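So the structure is just underneath, and the comments pick up after that.
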Amino acid sequence: MLDRILSFLKDIPGAQAASDPSDDPRVAAAALMIHVMDADGVRRSAESTALRHALGESYGVTGDALDALLAAGERADQEAIDLYAFTSVLRRHLDATARVEFIGLMWDVVYSDGELHELEDNTVWRVAELIGVERQDRIAARQHARRNMPGAYGDANDE
Numbered sequence: 124m125l126d127r128i129l130s131f132l133k134d135i136p137g138a139q140a141a142s143d144p145s146d147d148p149r150v151a152a153a154a155l156m157i158h159v160m161d162a163d164g165v166r167r168s169a170e171s172t173a174l175r176h177a178l179g180e181s182y183g184v185t186g187d188a189l190d191a192l193l194a195a196g197e198r199a200d201q202e203a204i205d206l207y208a209f210t211s212v213l214r215r216h217l218d219a220t221a222r223v224e225f226i227g228l229m230w231d232v233v234y235s236d237g238e239l240h241e242l243e244d245n246t247v248w249r250v251a252e253l254i255g256v257e258r259q260d261r262i263a264a265r266q267h268a269r270r271n272m273p274g275a276y277g278d279a280n281d282e
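According to my numbering, the residues represented by the sequence shown are 124 to 282, in order.
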């Protein structure tokens, strides 16, 4: 899972610092990952560590720069009234294949704690809709993430 996150974040067009943080795909991706990580009301240390490592490795940032990116993502998530601000940035910066990959990464975050909460499921569904990922692609990404997670479990309902 971590390798997929690292690979994806490295390939985001405009991954170099944007002059306008509100149009920085790194901040948008971080904010959405933070949002889905927190959707169930419990932030596990393993999730935070994985996210920190992924962002640090992907953008070659450490220390204060990494803290600033995480803080920007956290602040953006807290200040947003909806997900559109982030999804519109990703929709502009990602092609269709990269959008599906991003939804796969969100599923990886959801399944990283070994639990699926309905708010996490709903959040990924909403993000997928807003960035233009088709239902069948969202389901396939979910199934892939679930199959590849250690200790993965099956859901009776895949949609």
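In this text, a Cβ means the ideal position worked out from N, Cα and C, and glycines have one as well.
Quick caveat, the model's predicted, so the values are computed rather than measured.
Item	Value
Can you name the start and end residues of the alpha helix (DSSP H) that Thr220 belongs to?	219 to 234
Where do the ends of the alpha helix (DSSP H) carrying Ser211 lie?	207 to 216
Along the alpha helix (DSSP H) that carries Val150, what are the first and last residues, could you check?	148 to 161
Which term fits Gly227, buried or exposed, when burial requires 16 or more other beta carbons within 10 angstroms of its beta carbon?	buried
On a Cα-Cα basis, can you pick out the residue from Arg249, Asn245, Thr210, Asp146 that is closest to Asp163?	Asn245
Decide if Val233 is buried, meaning its Cβ has at least 16 other Cβ atoms within 10 Å, or exposed.	buried
What residue range does the alpha helix (DSSP H) around Thr246 cover?	241 to 254
Return yes when the Cβ of Leu193 is within less than 8 Å of the Cβ of Arg214, no when it is not.	no
Hey, how far is the Cα of Met272 from the Cα of Ala208?	30 Å
Among the candidates Pro148, His216, Leu189, Ser235, whose CA atom is the shortest distance from the CA of Gly179?	Leu189
For Gly196, tell me which candidate among Ala264, Ile254, Ser171 has the shortest Cα-Cα distance.	Ser171
Roughly how many angstroms separate the alpha carbons of Glu224 and Arg261, rounded to a whole number?	10 Å
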